[in-house]
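Structure first, then comments.
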Amino acid sequence: MIWVMAIMVFLTALATAFGLGMFAAANALDRQLAGRVTVQIVEPDARARDAHAAQLVAALRARPGVARVSEVDRAALAAMLKPWLGDAGLDPDLPMPAMIDVDMRDASDAALADVERTAHRIAPNQVRVARHARWLAPVQGLITSLSWLAGAIVLLMMSATATVVLLAARAGLDTHRNTIEVLHMLGSTDVQVARLFQRRVALETLIGGVLGTAAATLVAMGLEANIASLGSDMLAGAALAPRDWIALAVLPLLFVALATFAARTGVLRALAKTL
Amino acid sequence: MANIVQFENVGLRYGTGSETLTDVSFTLASGTFYFLTGPSGAGKTSLLKLLYLAQRPTRGIVRLFGEDAGTLPRARLPGFRRRIGVVFQDFRLLPHLSAYDNIALPLRIAGMPEREIEAPVREMLAWVGLVDRGDARPPTLSGGEQQRIAIARAVIARPEILVADEPTGNVDPDMAERLLHLFDSLNRLGTTVVVATHDFHLLNRIPTAHMMRLERGRVNDPTGALRNPPHELRQ
């Protein structure tokens, strides 16, 4: 029973950590994307392009809803495109668009529309404005779905745990039928008999739960360290907060309560059918 | 002397077979001693099961302590059972508990504080002559020792009714005498004692005892007026 509980809690803790991480990632993505816009200036003439970019940066910085404006460094762009263009990316005559990242203080549609109007006013027909929220909406949707899926898995695992405990209690009642008969004949109540089962189940669940949670915590920490080493802003949002680690630590106690309740209910129901 | 047990036209049937007990009617007065005799298969054990509430009658009324035991709500059964001590034919000691803990079990079930349990349990161990065997588990005890532990467990809570199914079956004559003496002592303190036995030598050991005889599920001499077994049984 201890090892069964350890496995159940291990899987549940992993699902919980995954769900909490996805939830955090969805929230972080939401915060990052809601107010992020990238303006591209597509202009074959490099000098005109650079002039428009400078004008646009200055104009956007003056807008009330804008918190930060920065032009993406050409060298950085060229480095990103190097796998496809080689060193041609550094050629100043290559008509690469100028990219301006805009972080909004106010992420409302009105503020975003104001940025679009400003960009189109300065560089008409040469501007493409990409709202990150729209662009990454499918990704955010996927992350949200994954977090709900993790929640559903946690509920399924808890149901399975309760079922395992009920089956174990039933088996225990069969095994200890003679002992229970004697206890009844000596005047034991059903609750007294149920308490014997509860104590055993609670102890084994606690031990198994601690082992399972500890193992899951190590796995989660390892994964988090791996994710952090990737240097990805998007994946970094999936890191667990201190309250999430506390939630994981509390998981064994939750399982003890669930298993104890299941054992008590199962035993009392079975005993009610006897004399 | 109040009646502590009343059977009124009691019948008991297991499953769909014929009745094991048929039209059993008798009254046990409080504080009296009864021997229940009869051939094997007569229904002695079944009658005792009705007495210690391991079975409900199929028909008729079993009154215990003035209440209809057949219709008692299940939740009230433990309270009644704590007033009845039972010595089973097969001992039914809990093998994973020591002799001490087996004897202490009724007191623990009744909720006696642990610090108050030790004295009566030690006293009982001494009475049954097993002072040094308190830590032993039943599988390591002889049949006679197990029987003594079972009797100690049945009487430690000073039950109002003591039911014993062949209690001297596994002990030597000296120990049988001692056990009967214990039953007699309990009876003198007010416990109603019912002993099912094949051993006719016991029947004359308790001068004040009554006798009931079961034959094919029916009670012979319900009044318990017969002091001695019928002539044909002595042969």
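Going line by line, the protein sequences match chains A and B. According to our numbering, the first sequence holds residues 1007 to 1281 in order. According to our numbering, the second sequence holds residues 9 to 243 in order. For each residue, glycine too, the CB sits at the ideal point set by N, CA and C.
Counted within 10 angstroms of its Cβ, other Cβ atoms place residue i as buried (16 or more) or exposed
i	result
PRO1130 (chain A)	exposed
PRO215 (chain B)	exposed
SER48 (chain B)	exposed
ASP1196 (chain A)	buried
ASP182 (chain B)	exposed
GLU240 (chain B)	The pLDDT assigned to GLU240 (chain B) is 42, lower than 50, so where the model puts this residue is not dependable; a value taken from the coordinates is nonetheless given after this. It is exposed - the Cβ of GLU240 (chain B) has fewer than 16 other Cβ atoms within 10 Å.
GLY1178 (chain A)	buried
ALA1200 (chain A)	buried
ASN236 (chain B)	Low local confidence applies: a pLDDT of 43 at ASN236 (chain B) is under 50, so the model's placement there is unreliable, with the coordinate-based value given in what follows. By the neighbour-count rule (16 or more Cβ atoms within 10 Å), ASN236 (chain B) is not buried but exposed.
THR148 (chain B)	exposed
GLU131 (chain B)	exposed
THR1018 (chain A)	buried
THR200 (chain B)	buried
SER1076 (chain A)	exposed
Selected residue, minimal CA-CA separation from residue i, among the options
i	options	result
GLN154 (chain B)	B:VAL171, B:HIS206, B:PHE99	B:PHE99
LEU1152 (chain A)	A:ALA1113, A:THR1022, A:ALA1253	A:THR1022
ALA1116 (chain A)	A:ALA1234, A:ALA1040, A:VAL1010, A:LEU1274	A:ALA1040
LEU1155 (chain A)	A:ALA1113, A:MET1014, A:MET1028	A:MET1028
ARG1176 (chain A)	A:VAL1273, A:ASP1056, A:ALA1200, A:ALA1032	A:VAL1273
ARG196 (chain B)	B:GLY78, B:ALA217, B:PRO128, B:GLU126	B:ALA217
ALA1268 (chain A)	A:ALA1166, A:ALA1253, A:ARG1137, A:ASP1180	A:ALA1166
ASP180 (chain B)	B:PHE208, B:ILE159, B:HIS206, B:GLY151	B:GLY151
ALA134 (chain B)	B:GLU124, B:LEU115, B:VAL13, B:ILE111	B:ILE111
LYS1279 (chain A)	B:ARG226, B:PRO81, B:GLY74, B:ILE12	B:PRO81
ALA1012 (chain A)	A:MET1164, A:GLY1237, A:ARG1055	A:MET1164
ALA1084 (chain A)	A:ARG1053, A:ASP1036, A:PRO1103	A:PRO1103
ALA1113 (chain A)	A:VAL1063, A:VAL1135, A:ALA1139	A:ALA1139
TRP1009 (chain A)	A:SER1235, A:ARG1249, A:GLY1215	A:GLY1215
PHE73 (chain B)	B:ASN11, B:GLU131, B:PRO167	B:ASN11
LEU1020 (chain A)	A:TRP1251, A:VAL1075, A:GLN1146, A:LEU1062	A:TRP1251
ALA159 (chain B)	B:PRO114, B:GLU122, B:MET120	Correcting the residue type first, residue 159 (chain B) is Ile in the shown sequence and not Ala. Closest option to ILE159 (chain B), Cα to Cα, is B:PRO114.
Beta-carbon contacts of residue i that lie in its chain and below 6 Å, excluding the five residues immediately before and after
i	result
HIS1126 (chain A)	VAL1133
TYR60 (chain B)	ILE92, VAL94, VAL171
PRO1315 (chain A)	This structure cannot settle anything about residue 1315 (chain A), because the visible part of chain A is limited to 1007 through 1281.
ASP109 (chain B)	none
ARG1111 (chain A)	GLY1071, ALA1073
ARG141 (chain B)	ALA107
GLN63 (chain B)	LYS57
ALA1031 (chain A)	ILE1149, GLY1243, ALA1244
LEU234 (chain B)	With a pLDDT of 46 at LEU234 (chain B), under the threshold of 50, the modelled position of that residue is not reliable, and the figure given next carries that caveat. The answer, listed in chain order, is MET219.
ARG242 (chain B)	With a pLDDT of 42 at ARG242 (chain B), under the threshold of 50, the modelled position of that residue is not reliable, and the figure given next carries that caveat. No residues qualify anywhere along the chain.
PRO238 (chain B)	The predicted model places PRO238 (chain B) with a pLDDT of 45, which falls under 50 and marks its position as unreliable, so this point remains unresolved.
Test: residue i CB closer than 7 Å to a CB of chain A
i	result
PRO86 (chain B)	yes
ILE117 (chain B)	yes
GLY21 (chain B)	The sequence as given places Arg at residue 21 (chain B); Gly does not occur at that position. No, its Cβ sits nowhere closer than 7 Å to a Cβ of chain A.
VAL94 (chain B)	yes
ARG90 (chain B)	yes
PRO215 (chain B)	no
ARG100 (chain B)	yes
LEU29 (chain B)	no
PRO121 (chain B)	no
LEU113 (chain B)	yes
ASN236 (chain B)	Here the model assigns ASN236 (chain B) a pLDDT of 43, short of 50, so the residue's position is not dependable and the matter cannot be decided.
Contacting residues, own chain, Cβ-Cβ under 7 Å from residue i (five flanking each side not counted)
i	result
ALA1221 (chain A)	PHE1016
ARG1069 (chain A)	ASP1120, VAL1121, THR1124
LEU1212 (chain A)	PRO1258, VAL1262
ARG1137 (chain A)	VAL1043, LEU1118
Contact with chain B by residue i, beta-carbon distance below 7 Å
i	result
THR1185 (chain A)	yes
MET1007 (chain A)	no
THR1195 (chain A)	yes
LEU1277 (chain A)	no
VAL1188 (chain A)	yes
LEU1192 (chain A)	yes
Close-in-space but distant-in-sequence residues of the same chain around residue i (CB under 8 Å, 5 per side omitted)
i	result
ARG145 (chain B)	PRO103, HIS104, LEU105, SER106, ALA107
ARG21 (chain B)	GLU27, THR28, THR66
ALA1276 (chain A)	ALA1175, ARG1176, LEU1179
LYS52 (chain B)	LEU44, THR45, GLY46, ASP173, ALA204, LEU222
7 Å Cβ cutoff, residue i in contact with chain C
i	result
PRO147 (chain B)	In the structure shown, chain C does not exist; the protein chains are A and B.
message: Within 8 Å, do at least three Cβ pairs link the stretch 32–47 of chain B to the stretch 82–91 of chain B?
response: Contact between the stretch 82–91 of chain B and the stretch 32–47 of chain B is absent, because fewer than three Cβ pairs lie under 8 Å.
query: Can we say the stretch 9–17 of chain B touches the stretch 53–71 of chain B, given the rule of at least three CB pairs closer than 8 Å?
result: As far as the Cβ criterion goes, the stretch 9–17 of chain B touches the stretch 53–71 of chain B, which means the pair count is three or higher.
Meets three-Cβ-pair contact criterion under 8 Å: the stretch 1073–1088 of chain A and the stretch 1160–1176 of chain A: Output reads no: the stretch 1160–1176 of chain A does not touch the stretch 1073–1088 of chain A.
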